[in-house]
Amino acid sequence: MRYTALEFYKIRHKKILLMIVFLLCIELFWAFMAGSISLSRDPDAVSWEVIITFITQMNGLFLPILTAVVVSRICDMEHKGNTWKMLMTASVKREQIYAAKYMCACLLILFVIVLQLVATVVFCQSKSVTSPIPWELLIQTAMGTLVTSMAVIALQQWISLAITNQAFALCLGMLGGFIGITASLFPGMVRYFFIWSYYNELSPIVMRYIDSSVVYVTRGLSFPFVGGLLLFGVLLYTVGNFYVCRKEV
Numbered sequence: 454m455r456y457t458a459l460e461f462y463k464i465r466h467k468k469i470l471l472m473i474v475f476l477l478c479i480e481l482f483w484a485f486m487a488g489s490i491s492l493s494r495d496p497d498a499v500s501w502e503v504i505i506t507f508i509t510q511m512n513g514l515f516l517p518i519l520t521a522v523v524v525s526r527i528c529d530m531e532h533k534g535n536t537w538k539m540l541m542t543a544s545v546k547r548e549q550i551y552a553a554k555y556m557c558a559c560l561l562i563l564f565v566i567v568l569q570l571v572a573t574v575v576f577c578q579s580k581s582v583t584s585p586i587p588w589e590l591l592i593q594t595a596m597g598t599l600v601t602s603m604a605v606i607a608l609q610q611w612i613s614l615a616i617t618n619q620a621f622a623l624c625l626g627m628l629g630g631f632i633g634i635t636a637s638l639f640p641g642m643v644r645y646f647f648i649w650s651y652y653n654e655l656s657p658i659v660m661r662y663i664d665s666s667v668v669y670v671t672r673g674l675s676f677p678f679v680g681g682l683l684l685f686g687v688l689l690y691t692v693g694n695f696y697v698c699r700k701e702v
């Protein structure tokens, strides 16, 4: 935790929180605007499931980009300041710094997810959605989003620390956002190979088209997918940690 606190101290002037709030406001505005349009068309048809679905769809677009920006800002200081050698002379293991950066990024994304949940509850309450707050669905949505983000962070951190030019990591984030928002159009066996598609795949609610109408079906959180994605995230973290910590500085 000491090194994680140090990472937060190092980024205190990076305006990361400002960027997080800015991108999150854009995402929530887009999702809630879609919810407001649906409410104006058919007030009786709008439910928590509709709003949660809009949020998870927007997560597929915005969170890969937001994650790329956050991780890039956290890792870029080691390249610009050439601090790896300084850390080694201070008897600090690179594995410890790698883990601290990963934990720092995960905590920032967790902060984003919590803000999303609070904003979703406030929006639905302001629109007088009659059904009670579905805490189970909200928690499952948060869990799926966090697990997916942890795997994405592991990939982004590997790229950000392995390649000095952060344009590559940011381009990967934009590519991930494109895949995340369009993954539902891919065949099932194809989209499973892209970690960004799991922002939608791990949603506890699925949207179906039945007789020319849209139906929102609650399916719960897929724990086999969660377990598989966690293992893949551990693999990405392990490989990235091994590569970066043995790279010459």
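When we follow my numbering, the leftmost residue of the sequence shown carries the number 454, and every step to the right adds one.
The beta-carbon is built from N, C-alpha and C at its ideal position, and this holds for glycine as well.
Taking the alpha-carbon of SER656 as reference, which of ASN694, LEU638 and LEU591 has the nearest alpha-carbon?
LEU591
Should the stretch 589-609 be called in touch with the stretch 478-487, which here means at least 3 C-beta pairs below 8 Å?
no
Could you check the C-alpha separation between LEU638 and ILE479 for me, to the nearest Å?
24 Å
Taking just the CA atoms, how far does VAL522 sit from PHE631?
Distance between the alpha carbons of PHE631 and VAL522: 15 Å.
Quick one: any contact between the stretch 605-625 and the stretch 515-534, if contact means 3 or more CB pairs under 8 Å?
Yes, they touch.
If you follow the beta strand (DSSP E) that MET660 is part of, which residue opens it and which one closes it?
Counting along the chain, the beta strand (DSSP E) containing MET660 begins and ends at 658-663.
At 4 residues or longer, what runs of the alpha helix (DSSP H) sit wholly inside the stretch 590-648?
620-635 and 641-644
Taking only three categories from DSSP, how would you classify THR671?
strand
Tell me, please, which residues DSSP counts as bridged to SER666.
For SER666, the beta-bridge partners assigned by DSSP are ILE663.
Identify the continuous alpha helix (DSSP H) that holds VAL522 and give its terminal residues.
501-533
Would you give the residue range spanned by the alpha helix (DSSP H) that VAL582 belongs to?
Element bounds for VAL582: n/a, residue is neither H nor E.
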